[in-house]
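A.B. asks:
2 protein chains.
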Amino acid sequence: MEEKVQKAIQDDYPDDFAWCYGCGGLNKNGHHFRTGWLEDRTVTIYTPLQDHTAIPGFVYGGVIASLIDCHGTGSAALALHRKNGHEPGDGAEPPRFVTASLNVDFIKPTPQGVTLKAIGTAEEIHPKKWKVHTEVFADETLCARGEVVAVVIPSTFITNKK
Amino acid sequence: MEEKVQKAIQDDYPDDFAWCYGCGGLNKNGHHFRTGWLEDRTVTIYTPLQDHTAIPGFVYGGVIASLIDCHGTGSAALALHRKNGHEPGDGAEPPRFVTASLNVDFIKPTPQGVTLKAIGTAEEIHPKKWKVHTEVFADETLCARGEVVAVVIPSTFITNKK
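As given, the protein sequences belong to chains A and B, one line each in that order. The C-terminal residue of the first sequence carries number 162 in full-length UniProt numbering, and the numbering is unbroken. The C-terminal residue of the second sequence carries number 162 in full-length UniProt numbering, and the numbering is unbroken.
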């Protein structure tokens with residue numbers, strides 16, 4: 001499996017939407033999650049920092065939840081963008097989603113020092129509402145399973161923008 | 001309502017368990033969430049950093065999920081500690097929980113620059129397994145609702161510790 005996402009949906013977000021602590025390219029101190037297609041599934045690859053500890057040796061659950069969260073909104077954006085006839089990098093501005101709900105089951109302790117892969121599928125439940133099912137692997141070990149309901153960004157986010 | 005938790009359960013965790021990125025007092029770059037009693041409910045008070053952005057002006061969901069996560073394990077520890085006859089600061093070492101599952105519903109966009117309060121109740125579903133129901137408020141506005149299932153730390157975490 002590729003170790004770096006070549007064409008990520010986040011690379012195509014306009015600057016105003018590129019400040020997300022999870023996946024915004026312009027947020028200097030953020031995680032810089034990048035989500036792309038892996039055939040008909042979606043993938044985000046990330047190596048947690050040493051600071052991202054739960055118990056020494058294991059990754060903090062909040063970072064795994066963050067990975068699943070942004071993987072979810074990114075996957076929903078990829079899926080709707082493809083439905084609209086577009087792929088990352090083709091010059092079209094992708095739709096932007098926010099998270100309505102986030103569920104994470106922590107299945108096994110996630111070891112530190114290992115690159116994590118979040119792999120998911122996006123399911124349309126309404127033209128503006130998608131459900132993304134995600135599994136997080138450390139090497140071949142399934143460590144967490146998540147589900148995100150993502151909705152096309154409502155206008156309240158934009159009108160209230162600072 | 002108090003603006004600072006006076007006696008937090010995390011203050012009593014032994015050093016080996018004080019490295020959590022969310023709530024470990026020894027993790028220099030972590031969030032330093034601190035959870036204490038508010039009569040028969042539990043509370044964690046936290047002001048997200050400017051970096052913790054989703055869309056400019058609003059707090060990143062992964063940080064809210066992290067707050068709910070550590071508030072959940074801290075609340076479970078408080079509840080079992082009280083069941084065992086102890087209160088934070090009384091010199092007894094508290095039990096330590098890890099998260100089995102984390103569910104977050106994002107109800108309203110969470111404004112930045114506001115101190116958040118996570119307020120919860122802990123429900124025993126097994127002597128070693130507690131469910132914590134949490135609401136996150138920005139001032140008086142309910143922004144997110146969460147549920148954490150927390151379990152007393154399994155021995156695998158400790159034997160695999162670096």
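Quick reminder that beta carbons are idealized off the backbone N, C-alpha and C, glycines included. Since we're looking at a predicted model, the values are computed, not measured.
CB-CB under 6 Å to T47(B), same chain, minus the five flanking residues each way: which ones, in chain order?
C.D. replies: Answer for T47(B): T115, listed in chain order.
A.B. asks: So if I threshold CB-CB distances at 8 Å, which residues from the stretch 34-65 of chain B count as touching chain A?
C.D. replies: The stretch 34-65 of chain B vs chain A, Cβ under 8 Å: D51, H52, T53, A54, I55, P56, G57, F58, Y60, G61, G62, V63, A65.
A.B. asks: Return the chain-ordered ranges of every beta strand (DSSP E) run that is complete within the stretch 31-58 of chain B and spans a minimum of 3 residues.
C.D. replies: List check, beta strand (DSSP E) in window: 35-38, 41-46.
A.B. asks: Whole alpha helix (DSSP H) runs in the UniProt domain "Thioesterase" (57-141) of chain A with 4 or more residues, listed along the chain?
C.D. replies: Listed in chain order, the complete alpha helix (DSSP H) runs (minimum 4 residues) inside the UniProt domain "Thioesterase" (57-141) of chain A are 61-83.
A.B. asks: Three Cβ pairs or more, each shorter than 8 Å: is that satisfied between the stretch 102-121 of chain B and the stretch 83-94 of chain B?
C.D. replies: These segments do not touch.
A.B. asks: In its own chain, which residues sit with a C-beta less than 6 Å from the C-beta of F17(B), not counting the 5 before and 5 after it?
C.D. replies: So the qualifying residues of the chain are R96.
A.B. asks: Taking 8 Å as the CB-CB cut-off, is V152(A) touching chain B?
C.D. replies: No, no contact with chain B.
A.B. asks: What does a CB cutoff of less than 6 Å around K131(B) pick up in its chain, not counting 5 residues either side in sequence?
C.D. replies: E123, I125, V149.
A.B. asks: So, does the CB of K162(A) fall closer than 8 Å to a CB anywhere in chain B?
C.D. replies: Because K162(A) sits at a pLDDT of 41, beneath the cut-off of 50, its placement in the model cannot be relied upon, and the following sentence gives the value as read from the coordinates. Yes, K162(A) counts as interfacial toward chain B.
A.B. asks: On the criterion of 16 or more Cβ atoms from any shown chain inside 10 Å, does S155(A) qualify as buried, or is it exposed?
C.D. replies: Under this definition S155(A) is an exposed residue.
A.B. asks: Per DSSP, which one or two residues make a beta bridge with A18(B)?
C.D. replies: Partner(s): none; A18(B) has no beta bridge.
A.B. asks: Can you check DSSP and say which residues form a bridge with A144(A)?
C.D. replies: Beta-bridge pairing links A144(A) to F106(A), V136(A).
A.B. asks: In angstroms, rounded to a whole number, what distance separates the CA positions of S101(B) and E93(A)?
C.D. replies: Taking the straight line from one Cα to the other gives about 35 Å.
A.B. asks: Taking 8 Å as the threshold (beta carbon to beta carbon), is Y21(B) in contact with chain A?
C.D. replies: Y21(B) counts as touching chain A.
A.B. asks: Can you find the residues in the same chain that come closer than 7 Å, C-beta to C-beta, to D139(B), ignoring five residues on each side of it along the sequence?
C.D. replies: Excluding residues within five positions, the ones whose Cβ falls inside 7 Å are V114.
A.B. asks: Using 8 Å as the limit for Cβ to Cβ distance, is residue 201(A) near chain B?
C.D. replies: Not covered by the structure: residue 201(A). The range shown for chain A is 1 to 162.
A.B. asks: Taking 8 Å as the CB-CB limit, is G89(B) close to chain A?
C.D. replies: False, the Cβ-Cβ gap to chain A never drops below 8 Å.
A.B. asks: So what does A150(A) bridge to, in DSSP terms?
C.D. replies: Per DSSP, T99(A), W130(A).
A.B. asks: Rounded to whole angstroms, how far is the Cβ of G120(B) from the Cβ of R41(B), which I believe are closer than 8 Å?
C.D. replies: With 8 Å as the limit, G120(B) and R41(B) qualify as a contact, their Cβ atoms being about 6 Å apart.
A.B. asks: Can you say whether T141(B) is buried or exposed, counting buried as having 16 or more other CB atoms within 10 angstroms of its CB?
C.D. replies: It counts as exposed.
A.B. asks: Mind listing the chain A neighbours of D69(B)? Cutoff is C-beta to C-beta under 9 Å, in chain order.
C.D. replies: Result: Y60, G61, G62, A65, V104.
A.B. asks: Please classify P14(B) as buried or exposed, where buried requires at least 16 other C-beta atoms within 10 Å of its C-beta.
C.D. replies: Exposed, since its Cβ has fewer than 16 Cβ neighbours within 10 Å.
A.B. asks: Counting contacts by CB-CB distance shorter than 8 Å, is A100(A) in contact with chain B?
C.D. replies: For A100(A), the answer is yes, since a Cβ of chain B falls inside 8 Å of its Cβ.
A.B. asks: How many Å lie between E39(B) and L49(A) at the Cα?
C.D. replies: C-alpha separation (whole angstroms): 37 Å.
A.B. asks: DSSP three-state call for Q6(B): helix, strand or coil?
C.D. replies: Q6(B) falls in the coil class under three-state DSSP.
A.B. asks: Determine whether the Cβ of N84(A) lies closer than 8 Å to any Cβ atom of chain B.
C.D. replies: So no, N84(A) is outside the interface.
A.B. asks: Using beta carbons (cut-off 8 Å, strictly below), is G25(B) in contact with chain A?
C.D. replies: Chain A contact via Cβ: absent.
A.B. asks: Tell whether a beta-carbon distance below 8 Å holds between A65(A) and S66(B).
C.D. replies: Their beta carbons are under 8 Å apart, which means A65(A) touches S66(B) by this criterion.
A.B. asks: I'd like to know whether the C-beta of G120(B) is nearer than 8 Å to at least one C-beta of chain A.
C.D. replies: With 8 Å as the cut-off, G120(B) does not count as an interface residue toward chain A.
A.B. asks: Roughly how far, in whole angstroms, is the beta-carbon of L78(B) from the beta-carbon of T35(B), given that I think they are within contact range, below 8 Å?
C.D. replies: The Cβ separation is near 7 Å, so the contact holds.
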